[in-house]
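Asker:
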Amino acid sequence: MNWNKNQVIAHRGAFRKNNFPENSIASLKEAIRLKCYGSEFDVHLTKDKIIVVNHDDDFLGMPIALTAYSELMQKTLHNGEHLPTLENYLQEGIKQDHTKMILEIKIAPSLQETLELTDAVLNLVKKLNAGEWIEYISFSYEALLRVLQIDPEAKTAFLAEVNDEKSLEKLKSDRITQADYDYTIYQTGNWFNQARQQEITLNAWTVDQESDMKKLLANHIDFITTNEPELLFDLLRNS
Numbered sequence: 002m003n004w005n006k007n008q009v010i011a012h013r014g015a016f017r018k019n020n021f022p023e024n025s026i027a028s029l030k031e032a033i034r035l036k037c038y039g040s041e042f043d044v045h046l047t048k049d050k051i052i053v054v055n056h057d058d059d060f061l062g063m064p065i066a067l068t069a070y071s072e073l074m075q076k077t078l079h080n081g082e083h084l085p086t087l088e089n090y091l092q093e094g095i096k097q098d099h100t101k102m103i104l105e106i107k108i109a110p111s112l113q114e115t116l117e118l119t120d121a122v123l124n125l126v127k128k129l130n131a132g133e134w135i136e137y138i139s140f141s142y143e144a145l146l147r148v149l150q151i152d153p154e155a156k157t158a159f160l161a162e163v164n165d166e167k168s169l170e171k172l173k174s175d176r177i178t179q180a181d182y183d184y185t186i187y188q189t190g191n192w193f194n195q196a197r198q199q200e201i202t203l204n205a206w207t208v209d210q211e212s213d214m215k216k217l218l219a220n221h222i223d224f225i226t227t228n229e230p231e232l233l234f235d236l237l238r239n240s
């Protein structure tokens, strides 16, 4: 594999500039075309246990967990695509060897359901032999621990909003290799030096303003998740 060596992770794929649907096959392909390090996306389980790629827990007004995939297919994204299954999404992503797929395991209504989703994701990744392409992220610490229990070699990152962050020492002790925090968290404290000491990588989300990108790049952030990957690439080229 020849993974791209840059700091750019396209949030929900590279969708905004060309008005692609978020989390669509089209936005994944665009992130790959741009040569982003990674393309981030979100997964849920349908009523009939099909894993689908979508940010919210409903699709065009239909609750995903309460709806069979055949019913979800009755509506389309605004570019004509159907709601992608994770299987179709991964099959597209593994056609190339330079952009990682950053898979967010969404928090379900209960921990049991979140772990059910986690297990289903891992089983599918194993079935498709797609593990080398995948990095797992989640706001559910328990989901990440389950990932590492089943696949100790998996790369994982803990997502956190302000006041929900965990110490880098805690992540290190649990073998979680990245802090993936709201970018404002890094504005206080000594995160960058501590991360280097702990050998933990830092990702900041969701960063769309040039001034915020520049501050993070000045601190040698490892990755930036953004809805504006083209802008971030421009800054990197001119730095």
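Numbered per the numbering used here, the sequence shown finishes at 240, counting up by one with no gaps. The beta carbon of each residue, even a glycine, is placed where N, CA and C say it ideally should be. Predicted, not measured: the structure shown is a model, and the values here were computed from it.
Keeping to the same chain, check which residues put their C-beta closer than 8 Å to that of residue 97; ignore five residues upstream and five downstream.
Answerer: As a working note, residue 97 is residue 96 in the sequence shown. Closer than 8 Å at the Cβ level, and outside the excluded window around residue 97, lie 33.
Asker: Are the CB atoms of residue 177 and residue 145 within a distance shorter than 8 Å?
Answerer: As a position in the sequence shown, residue 145 is number 144, starting the count at 1. As a position in the sequence shown, residue 177 is number 176, starting the count at 1. Yes, the Cβ-Cβ distance between residue 145 and residue 177 is below 8 Å.
Asker: In whole angstroms, what separates the C-alpha of residue 206 from that of residue 163?
Answerer: Within the sequence shown, residue 206 is the residue found at index 205, counting from 1. Within the sequence shown, residue 163 is the residue found at index 162, counting from 1. Their backbone Cα atoms lie some 11 Å apart in a straight line.
Asker: Nearest to residue 90 by alpha carbon, out of 29, 172, 23, 179?
Answerer: Position 89 of the sequence shown holds residue 90. Out of 29, 172, 23, 179, 29 has the C-alpha closest to the C-alpha of residue 90.
Asker: Could you spell out the range, first to last residue, of the beta strand (DSSP E) harbouring residue 148?
Answerer: Along the sequence shown, one-based indexing puts residue 148 at 147. Element bounds for residue 148: not the beta strand (DSSP E) but the alpha helix (DSSP H), 142 to 151.
Asker: Hey, could you find the ends of the alpha helix (DSSP H) residue 53 is sitting in?
Answerer: By one-based count along the sequence shown, residue 53 stands at place 52. Counting along the chain, residue 53 falls outside any alpha helix (DSSP H), though it belongs to the beta strand (DSSP E) covering 52 to 54.
Asker: For residue 25, which option in 149, 58, 69, 86 has the closest C-alpha, if you only look at C-alpha atoms?
Answerer: The residue given as residue 25 occupies position 24 in the sequence shown. With distances taken between Cα atoms, residue 25 lies closest to 86.
Asker: Do three or more CB pairs link the region 65 to 74 to the region 41 to 55 at distances below 8 Å?
Answerer: yes
Asker: With a threshold of 8 Å on Cβ separation, who are the neighbours of residue 100 within its own chain once the five nearest residues in sequence on each side are excluded?
Answerer: Sequence index remark: in the sequence shown, residue 100 carries index 99 (1-based). Around residue 100: 4, 5, 32, 33, 36, 37, 38, 39, 40, 94.
Asker: Less than 8 Å between the beta carbons of residue 143 and residue 158, yes or no?
Answerer: The residue given as residue 143 occupies position 142 in the sequence shown. The residue given as residue 158 occupies position 157 in the sequence shown. No, these two residues do not count as a Cβ contact at 8 Å.
Asker: Let me check understanding here. Comparing Cα to Cα, which of 9, 215, 169, 224 lies closest to residue 190?
Answerer: Stepping through the sequence shown from its first residue, residue 190 is reached at position 189. Comparing Cα-Cα distances from residue 190 to each of 9, 215, 169, 224, the minimum goes to 169.
Asker: Within the same chain, show all residues whose beta-carbon is closer than 6 Å to that of residue 121, passing over the 5 residues directly before and after it, in chain order.
Answerer: Residue mapping note: residue 121 aligns to position 120 of the sequence shown, counting from 1. Within the same chain, residue 121 has close Cβ partners 52.
Asker: Would you kindly work out how many angstroms separate the C-alpha atoms of residue 124 and residue 62, rounded to a whole number?
Answerer: The residue you call residue 124 lines up with position 123 of the sequence shown. The residue you call residue 62 lines up with position 61 of the sequence shown. Roughly 29 Å separates the two Cα atoms.
Asker: Is it true that the CB of residue 60 sits closer than 8 Å to the CB of residue 108?
Answerer: Within the sequence shown, residue 108 is the residue found at index 107, counting from 1. Within the sequence shown, residue 60 is the residue found at index 59, counting from 1. Taking 8 Å as the Cβ cut-off, residue 108 and residue 60 do not qualify as a contacting pair.
Asker: If you measure between the beta carbons of residue 102 and residue 21, is that distance less than 8 Å?
Answerer: Your numbering for residue 102 matches position 101 in the sequence shown. Your numbering for residue 21 matches position 20 in the sequence shown. In this structure, residue 102 keeps its C-beta atom at 8 Å or more from the C-beta atom of residue 21.
Asker: Starting from residue 28, trace the alpha helix (DSSP H) both ways and give me its first and last residue.
Answerer: If you number the sequence shown from 1, residue 28 lands on position 27. Here the alpha helix (DSSP H) through residue 28 covers 26 to 35.
Asker: What separation, rounded to the nearest whole angstrom, lies between the Cα atoms of residue 11 and residue 105?
Answerer: Walking along the sequence shown from the start, residue 11 turns up at place 10. Walking along the sequence shown from the start, residue 105 turns up at place 104. Approximately 13 Å between the Cα atoms of the pair.
Asker: Hey, could you find the ends of the alpha helix (DSSP H) residue 213 is sitting in?
Answerer: For this step, residue 213 is matched to residue 212 along the sequence shown. That run of the alpha helix (DSSP H) goes 211 to 219.
Asker: Only counting the same chain, and skipping five residues up and downstream in sequence, which positions put a Cβ closer than 7 Å to that of residue 131?
Answerer: Indexing the sequence shown from 1 puts residue 131 at position 130. These residues qualify, in order along the chain: 91, 95.
Asker: Counting along the chain, where does the alpha helix (DSSP H) carrying residue 4 start and finish?
Answerer: If you number the sequence shown from 1, residue 4 lands on position 3. It is not in any alpha helix (DSSP H) - residue 4 carries neither H nor E in the DSSP assignment.
Asker: Using only CA atoms, which one of 9, 217, 149 lies nearest to residue 1?
Answerer: What is shown of the chain runs 2 to 240, which leaves residue 1 out entirely.
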